[in-house]
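Quick notes on the structure that follows.
Number of protein chains: 4
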Amino acid sequence: MIKIDLHSQAPLYEQIKTGFKGLVRRKLLRPGDAAPSIRALAAQLTLNPNTVARAYRELTAEGFFESQRGEENIVSARAGALAKADTENLKARIAEAVKEGLLNGLSSADIEAILGRVKKEAI
Amino acid sequence: MIKIDLHSQAPLYEQIKTGFKGLVRRKLLRPGDAAPSIRALAAQLTLNPNTVARAYRELTAEGFFESQRGEENIVSARAGALAKADTENLKARIAEAVKEGLLNGLSSADIEAILGRVKKEAI
Amino acid sequence: MIKIDLHSQAPLYEQIKTGFKGLVRRKLLRPGDAAPSIRALAAQLTLNPNTVARAYRELTAEGFFESQRGEENIVSARAGALAKADTENLKARIAEAVKEGLLNGLSSADIEAILGRVKKEAI
Amino acid sequence: MIKIDLHSQAPLYEQIKTGFKGLVRRKLLRPGDAAPSIRALAAQLTLNPNTVARAYRELTAEGFFESQRGEENIVSARAGALAKADTENLKARIAEAVKEGLLNGLSSADIEAILGRVKKEAI
DNA sequence: GTGGTCTAGACCACC
DNA sequence: GTGGTCTAGACCACA
Numbered sequence: 001m002i003k004i005d006l007h008s009q010a011p012l013y014e015q016i017k018t019g020f021k022g023l024v025r026r027k028l029l030r031p032g033d034a035a036p037s038i039r040a041l042a043a044q045l046t047l048n049p050n051t052v053a054r055a056y057r058e059l060t061a062e063g064f065f066e067s068q069r070g071e072e073n074i075v076s077a078r079a080g081a082l083a084k085a086d087t088e089n090l091k092a093r094i095a096e097a098v099k100e101g102l103l104n105g106l107s108s109a110d111i112e113a114i115l116g117r118v119k120k121e122a123i
Numbered sequence: 124m125i126k127i128d129l130h131s132q133a134p135l136y137e138q139i140k141t142g143f144k145g146l147v148r149r150k151l152l153r154p155g156d157a158a159p160s161i162r163a164l165a166a167q168l169t170l171n172p173n174t175v176a177r178a179y180r181e182l183t184a185e186g187f188f189e190s191q192r193g194e195e196n197i198v199s200a201r202a203g204a205l206a207k208a209d210t211e212n213l214k215a216r217i218a219e220a221v222k223e224g225l226l227n228g229l230s231s232a233d234i235e236a237i238l239g240r241v242k243k244e245a246i
Numbered sequence: 247m248i249k250i251d252l253h254s255q256a257p258l259y260e261q262i263k264t265g266f267k268g269l270v271r272r273k274l275l276r277p278g279d280a281a282p283s284i285r286a287l288a289a290q291l292t293l294n295p296n297t298v299a300r301a302y303r304e305l306t307a308e309g310f311f312e313s314q315r316g317e318e319n320i321v322s323a324r325a326g327a328l329a330k331a332d333t334e335n336l337k338a339r340i341a342e343a344v345k346e347g348l349l350n351g352l353s354s355a356d357i358e359a360i361l362g363r364v365k366k367e368a369i
Numbered sequence: 370m371i372k373i374d375l376h377s378q379a380p381l382y383e384q385i386k387t388g389f390k391g392l393v394r395r396k397l398l399r400p401g402d403a404a405p406s407i408r409a410l411a412a413q414l415t416l417n418p419n420t421v422a423r424a425y426r427e428l429t430a431e432g433f434f435e436s437q438r439g440e441e442n443i444v445s446a447r448a449g450a451l452a453k454a455d456t457e458n459l460k461a462r463i464a465e466a467v468k469e470g471l472l473n474g475l476s477s478a479d480i481e482a483i484l485g486r487v488k489k490e491a492i
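Below, the structure written as structure tokens:
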């Protein structure tokens with residue numbers, strides 16, 4: 001369900017974290033649902049279990065997951081709010097990149113062109 | 124002349140490099156002009172001279188600077204072309220951020236809203 | 247009869263084990279008495295039967311239980327001695343916590359205060 | 370400056386974290402001071418650098434350290450408050466151990482005896 | 001030099 | 001089976 005871009009400059013564990021928050025935002029994962037096991041997700045994404053474990057640990061620390069004594073990781077009731085708050089991070093990152101572009105001579109048209117292209121690819 | 128954002132996730136030396144390329148794109152710096160000395164720029168931006176030195180070193184390696192006159196760093200004749208090519212980096216960074224947003228549940232409207240906001244701020 | 251604290255950092259099966267030993271120390275359970283069945287205790291404490299089973303298995307291995315009469319778990323004649331020896335575990339755990347506190351800046355007065363408070367609560 | 374007990378049941382990275390908070394509580398480390406580098410502390414404690422790195426990462430996430438772009442880890446202005454709050458954890462752990470002891474048949478005298486012994490050792 | 005990320009693999013505790 | 005901890009060592013980014 002989660003997609004990882006090995007060539008992105010964002011760390012893999014961060015991509016996993018935003019991936020889960022995205023699943024909640026898109027209602028593909030709901031409070032009470034169980035996340036896949038660390039080993040299972042690591043195998044599916046062909047990542048090292050430690051990398052997935054770090055993402056899960058931080059999600060648990062934030063209150064996104066609730067894990068009791070080595071049981072499954074359950075999406076918490078607060079996950080929705082946390083996922084929503086995370087949206088701001090995504091937006092801020094876009095804003096930062098756009099701002100940098102505008103400051104350095106890119107035109108609005110350039111940026112609109114990028115948007116169009118990415119949207120097509122994303123389909 | 125160059126603006127640095129200490130809180131950006133872009134490395135400082137990269138910001139310096141794109142800063143110079145932006146100055147050339149905006150014709151505020153032209154081939155034959157001398158860049159400020161490493162120490163002067165570091166002092167002005169309150170950065171570690173090593174950081175500025177790294178940017179200058181890479182700009183020289185790329186052929187953007189020539190150090191012919193004494194020890195000064197002179198903007199080369201090829202700088203214009205290099206600056207133009209650099210635009211692709213800026214575009215790629217925007218594209219990556221937008222792609223990440225779309226993959227994780229942001230809508231096109233969200234992204235348009237960001238654009239509008241940033242444009243206003245940039246005025 | 248046994249109290250479990252789900253939020254304690256002590257493992258559940260350990261709490262069950264010390265619980266039984268405490269019952270013997272307080273003479274609420276005597277050699278020859280039968281312990282509740284695994285299923286019954288698990289249901290009463292709302293724990294996973296596997297967790298209770300592990301506690302019973304270890305108690306049996308230690309010689310605290312004997313399963314002679316049918317399938318029942320009978321408190322053995324040696325249980326009293328084992329219960330007494332277990333006291334050392336409790337003491338060691340307290341000692342470790344206190345030591346950690348003293349090493350990290352807690353004063354004797356702080357610790358006395360905790361003692362007073364806990365004693366009151368325990369009444 | 371920090372002492373680690375390899376045989377404690379507390380994880381090493383947690384001991385490092387409480388160690389730093391203890392140093393702040395005891396005024397041996399003050400806001401603005403730099404913590405030793407990850408590699409240096411790891412070498413001194415003969416631990417793996419990753420273990421120390423984890424402690425530092427979490428301290429930074431909590432706002433106890435402030436680290437800028439791969440520079441030194443500086444004790445933040447908020448560190449005092451965080452260290453104080455941590456005291457409650459230490460106290461809670463002691464309280465928990467004492468409570469467990471009382472519930473399972475330890476007498477007040479037993480516990481006082483432990484205190485006396487640990488205090489002597491701690492000198 | 002610094003910290004950050006990732007992989008690999010071992011071992012433990014818990015359910 | 002699950003997650004948690006730790007070690008080892010490589011590589012990168014930054015100042």
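Here the protein sequences line up with chains D, E, H and F, keeping their order. Note that our numbering has the first sequence beginning at 1, numbered continuously upward. Note that our numbering has the second sequence beginning at 124, numbered continuously upward. Note that our numbering has the third sequence beginning at 247, numbered continuously upward. Note that our numbering has the fourth sequence beginning at 370, numbered continuously upward. By construction, the Cβ of each residue, glycine as well, lies at the ideal position given by its N, Cα and C atoms. None of these values were measured; they are calculated from a predicted model.
So the beta strand (DSSP E) F:F434 belongs to, where does it begin and stop? Locating residue 434 of chain F in the fourth sequence gives position 65, where the first residue counts as 1. Looking at the DSSP string, the run of the beta strand (DSSP E) that includes F:F434 is 434 to 436.
Would you list, in chain order, the members of the stretch 194 to 227 of chain E that have their beta-carbon closer than 7 Å to a beta-carbon of chain D? T210, L213, K214, R216, I217, A218, E219, A220, V221, K222, E223, G224, L225, L226, N227
ask   = Between the C-alpha atoms of F:L428 and F:K386, what's the straight-line distance to the nearest angstrom?
value = For the purposes of this step, residue 428 of chain F is taken as the residue at position 59 of the fourth sequence. For the purposes of this step, residue 386 of chain F is taken as the residue at position 17 of the fourth sequence. If you take the alpha carbons of F:L428 and F:K386, they lie about 7 Å apart.
Q.
Based on DSSP bridge pairs, tell me the residues matched to H:I320.
A. Position 74 of the third sequence holds residue 320 of chain H. H:A280, H:E312.
Taking C-beta pairs closer than 8 Å, name the residues in chain F that H:S254 reaches, listed in chain order. Stepping through the third sequence from its first residue, residue 254 of chain H is reached at position 8. The answer, in chain order, is E465, E469.
Could you tell me whether the Cβ of D:R26 comes closer than 7 Å to any Cβ of chain E? By 1-based counting over the first sequence, the position of residue 26 of chain D is 26. Yes, D:R26 lies at the interface with chain E (some Cβ there is under 7 Å from its Cβ).
TODO: May I ask you to verify whether the stretch 78 to 85 of chain D touches the stretch 211 to 218 of chain E, counting CB pairs closer than 8 Å and requiring at least 3?
DONE: no
* Asked: From what residue to what residue does the alpha helix (DSSP H) around H:K330 run?
  -> As a working mapping, residue 330 of chain H is identified with position 84 in the third sequence. Bounds of the alpha helix (DSSP H) holding H:K330 are 325 to 349.
Cutoff 7 Å: H:I360 Cβ touching any chain F Cβ
Against the third sequence, residue 360 of chain H aligns to sequence position 114. So yes, H:I360 belongs to the interface.
message: Report the CB separation of E:V175 from E:I161 in whole angstroms; it is logged as a contact under 8 Å.
response: As a first step, residue 175 of chain E is located in the second sequence; it is residue number 52 there, counting from the start. As a first step, residue 161 of chain E is located in the second sequence; it is residue number 38 there, counting from the start. At roughly 5 Å, the Cβ-Cβ gap stays under 8 Å, so E:V175 and E:I161 are in contact.
query: Any heavy atom of the ligand ZN closer than 6 Å to the Cβ of F:S477?
result: As far as ligands go, the structure on display features none, and thus does not contain the ligand ZN.
- request: Report the rounded CA-to-CA distance for E:E229 versus E:I197, giving the unit in angstroms.
  value: Position 106 of the second sequence, counting from 1, holds the residue named residue 229 of chain E. Position 74 of the second sequence, counting from 1, holds the residue named residue 197 of chain E. Reading off the sequence shown, one finds Leu at residue 229 of chain E, where the question assumed Glu. Rounded to whole angstroms, E:L229 to E:I197 spans 44 Å at the Cα level.
Which class does F:N417 belong to by DSSP, given the choice of helix, strand or coil?
Within the fourth sequence, numbered from 1, the residue matching residue 417 of chain F stands at position 48. Coil at F:N417, not helix or strand.
field: Contacts around F:N361, its chain only, beta-carbon distance under 7 Å, and the 5 residues preceding and following it disregarded
entry: Because chain F in this structure spans residues 370 to 492, residue 361 of chain F falls outside the shown range and cannot be described.
| field | Closer than 8 Å at the beta carbon, the chain H residues around F:V487 | value | Within the fourth sequence, numbered from 1, the residue matching residue 487 of chain F stands at position 118. Those within 8 Å of F:V487 in chain H are A341, V344, K345, L348.
Q | Within chain F, the residues that H:S258 reaches when beta carbons sit closer than 7 Å | A | On the third sequence, position 12 is the one that residue 258 of chain H refers to. The displayed chain sequence assigns Leu, not Ser, to residue 258 of chain H. Chain F residues near H:L258: none, gap ~13 Å exceeds 7 Å.
* Asked: Thinking C-alpha only, which one of H:S322, H:E346, H:H253 is nearest F:H376?
  -> If you number the fourth sequence from 1, residue 376 of chain F lands on position 7. Measuring from the Cα of F:H376, the nearest candidate turns out to be H:E346.
Under 8 Å by beta carbon: chain H residues contacting F:D479:
Locating residue 479 of chain F in the fourth sequence gives position 110, where the first residue counts as 1. At a C-beta separation below 8 Å, F:D479 has these neighbours in chain H: T333, K337.
Would you say E:L168 lies against chain D (beta-carbon separation less than 7 Å)?
Within the second sequence, residue 168 of chain E is the residue found at index 45, counting from 1. Answer no: the Cβ-Cβ gap between E:L168 and chain D never drops below 7 Å.
For this session: Following the continuous alpha helix (DSSP H) through H:L258, name the residue where it begins and the one where it ends.
Result: For the purposes of this step, residue 258 of chain H is taken as the residue at position 12 of the third sequence. Here the alpha helix (DSSP H) through H:L258 covers 258 to 271.
Which residues in chain E sit within 8 Å of D:K3, going by Cβ to Cβ distance?
In the first sequence, residue 3 of chain D corresponds to position 3, counting from 1. Per Cβ cutoff of 8 Å: L226.
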